[in-house]
Every structure is written in C-alpha cells, then in structure tokens.
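Novice: One structure coming up, written as structure tokens, with questions to follow.
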Amino acid sequence: MVTLTETAAKKVETLRLEEGKPEWGLRLRVVGGGCSGFSYELGWEDAAQEGDQVVEAAGVKVYVDPNSV
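For what it's worth, my numbering labels the leading residue of the sequence shown as 65, then goes sequentially.
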C-alpha cells in the first residue's frame with residue numbers, strides 16, 4: 065500500500081520536531097478534483113481513526129483512510 069524509505073522517514077521526523085508534534089503520525093489522503101484527476105494530501109494526525117490502515121517505518125506512523133487505500 066505505502067512504502068516509506070528511511071530517508072523519507074528521517075525527513076518526516078525532522079518536520080514533526082519542527083512543528084512541535086514529535087509523537088504524531090503522517091496522514092495521507094487521496095483526493096479527487098481538478099484536471100489531473102487524483103492528488104495527495106499530507107498532514108499531521110495525533111492518532112489513527114477507525115478503519116485506518118497504519119504503516120510504520122523507522123518510527124514514523126502513516127495513517128491512510130479506507131477510501132484512500
């Protein structure tokens with residue numbers, strides 16, 4: 065479903081610390097719209113929501129909702 069490289073995980077870790085959210089995970093959503101079809105949205109989330117798929121890599125949790133999977 066989602067692969068997070070070690071380099072990407074380190075970058076997410078750095079960004080979380082800069083944002084003051086060291087324990088939060090990364091929310092990944094696929095959204096429709098525009099001429100090019102689907103696009104991705106990224107944001108911080110403090111916990112998984114019901115039905116989320118959770119991928120963990122190098123200490124980073126990625127939350128993906130069922131519709132985006």
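Even for Gly, the Cβ is constructed at its ideal location relative to N, Cα and C. Here the structure is a predicted model, which means the values were calculated and not measured.
1) Taking only three categories from DSSP, how would you classify Val126?
2) Would you identify the three-state DSSP class for Glu163, choosing helix, strand or coil?
3) What three-state label does DSSP hand Glu87 in the structure shown?
4) Beta carbon of Lys125, beta carbon of Gly84: below 7 Å?
5) For Arg93, which beta-bridge partners are listed by DSSP?
Specialist: Judging by the given coordinates:
1) Position 62 of the sequence shown, counted from the start, is the residue given in the question as residue 126. Strand, per DSSP.
2) In the structure displayed, the chain extends from 65 to 133; residue 163 sits before or after that span and is not available.
3) By 1-based counting over the sequence shown, the position of residue 87 is 23. Glu87: coil per DSSP, three-state reduction.
4) Counted from its first residue, the sequence shown places residue 125 at position 61. Counted from its first residue, the sequence shown places residue 84 at position 20. The answer is no: Cβ separation not under 7 Å.
5) As a first step, residue 93 is located in the sequence shown; it is residue number 29 there, counting from the start. DSSP output for Arg93 lists Glu105 as bridge partner(s).
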